[in-house]
Amino acid sequence: MDVKVQNIRKEFARFPALNDVSLDIRSGELIALLGPSGSGKTTLLRLIAGLETPTDGRIFFGEDDASKKTVQERNIGFVFQHYALFRHMTVLDNIGFGLKVRPKNRRPAKAEIRRRALELLDLVQLSGMENRYPNQLSGGQRQRVALARAMAVEPNVLLLDEPFGALDAQVRKDLRKWLRDIHDRTGHTTIFVTHDQEEALELADRVVVMSQGKIEQVGTPDEVYDTPNSPFVFGFIGESNGLKVTADHGGIRFNGKPLNMAAAPDKHGEALLYFRPQDIELIESGEDGLTGSVIATRRVAGTRHVELDLGSGTHVELEISTEQAARIDRNRVTFRPTRWKLFPV
Ligand code: ATP
868 MDVKVQNIRK EFARFPALND VSLDIRSGEL IALLGPSGSG KTTLLRLIAG
918 LETPTDGRIF FGEDDASKKT VQERNIGFVF QHYALFRHMT VLDNIGFGLK
968 VRPKNRRPAK AEIRRRALEL LDLVQLSGME NRYPNQLSGG QRQRVALARA
1018 MAVEPNVLLL DEPFGALDAQ VRKDLRKWLR DIHDRTGHTT IFVTHDQEEA
1068 LELADRVVVM SQGKIEQVGT PDEVYDTPNS PFVFGFIGES NGLKVTADHG
1118 GIRFNGKPLN MAAAPDKHGE ALLYFRPQDI ELIESGEDGL TGSVIATRRV
1168 AGTRHVELDL GSGTHVELEI STEQAARIDR NRVTFRPTRW KLFPV
């Protein structure tokens, strides 16, 4: 089901947790809400679920104004970070719970509930564990049961709030792949909260980057990584360097020195130049570019990271191949960004 978030504002005791947030989610999409702690991700998820009421703005489920619907009528599947399984119920009863508590006229027969719960157990690859209790499962298995339980009600929208947040790194990675696979098979419209950029980029069809109660950028993982539209997104997703430069007459200067890089001719004055550590070329020391003294180098997987001091307290980090690293001057390095963006100061 399509979900349309329209000009939402949410205040808690006059503190704006969300400010004029609008977002269109297409039916069947897997959307990640990504942002630092306190950026408003959980608040947005709770508003969509109907667990909070907006101060302003509206949310639509398809054509229907969701504010006219109760939490039950919205028919949401919810999975939280901390397993909210019922401890005194078996795995199978946990999964069937949402169907069992439906009003009589919408409740499937007992045998049908069992059939569906077993089918979901198979989908989350836990067949054979139906009679176990939650404390007889690992953390990752419990979250898989929680997901099966959320899907049992055939939700209009599946909302996941840091579902793997409490699990260790390897389990998180495995569950990520597994969730993407389940999503591709079931096609539920899914909104997923995370503060882990790797998780968001690997899993989502589109990533919504949030900061301080606002949406900074919405795009595919490639779009938000390759063409960040603000210094915040540049800094939050992937690694980046930011330098204060001056733009004049179509050129860019750092500390008064020309960089042989072209700025739009209408840009004049101070600006912020952003580029990623790997988006650079090493050049001869006499050429126009950025020159710095080497402070540190470290090996990171197949590449080498070189930290440079460009003067005036400005440090940057470059990522170069190990072959290039073997050839560079140990003390001074000159380079030029090959992919970059200028932002107003
Ligand atoms: P985290 O990653 O830490 O969970 P988040 O991005 O999900 O953060 P929210 O939980 O949505 O952020 O919180 C956004 C802002 O709203 C925060 O400043 C938070 O303190 C505030 N806030 C959230 N819920 C309430 C509440 N019930 N009462 C008062 N303030 C709240």
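868 is the number of the first residue of the sequence shown in our numbering; add one for each residue after it.
Yeah, the Cβ is synthetic: ideal placement off N, Cα and C, and Gly gets one too.
- Pairing residue 1103 with residue 1064 gives a Cβ-Cβ distance under 8 angstroms.
- For residue 1010, the enclosing alpha helix (DSSP H) covers residues 1006-1019.
- When Cβ pairs closer than 8 angstroms are counted between the two stretches, the region 915-934 is seen not to touch the region 946-957, the count staying below three.
- Looking at the backbone, the Cα of residue 870 and that of residue 977 are separated by about 32 angstroms.
- Restricting attention to beta strand (DSSP E) runs no shorter than 3 residues, the region 940-1006 encloses them at 943-946, ordered along the chain.
- For residue 1056, the enclosing beta strand (DSSP E) stretches over residues 1056-1061.
- Residue pairing for residue 931: DSSP places it in a beta bridge opposite 928.
- In the DSSP assignment, residue 1041 falls within the alpha helix (DSSP H) that extends over 1036-1053.
- Under DSSP, the beta-bridge partners assigned to residue 1170 are 1167 and 1188.
- The beta carbon of residue 1127 is closer than 6 angstroms to those of 1155 in its chain, skipping five residues each way along the sequence.
- A straight line joining the alpha-carbon of residue 1148 with that of residue 1204 spans about 6 angstroms.
- Separation of residue 998 and residue 957 (C-alpha to C-alpha, rounded to the nearest whole angstrom) is 5 angstroms.
- Remark: the shortest separation between the CB of residue 1062 and any heavy atom of the ligand ATP falls under 7 angstroms.
- Non-local C-beta neighbours of residue 1176 in its own chain, meaning closer than 7 angstroms and more than five positions away in sequence, comprise 1159, 1160, 1162 and 1182, ordered along the chain.
- Shortest gap from the CB of residue 951 to any heavy atom of the ligand ATP: 7 angstroms or more.
- At the C-beta level, residue 1138 and residue 1212 come within 8 angstroms of one another.
- CA-CA distance, residue 1010 to residue 1026, rounds to 13 angstroms.
- Going by DSSP, residue 1084 is part of the beta strand (DSSP E) stretching over 1081-1086.
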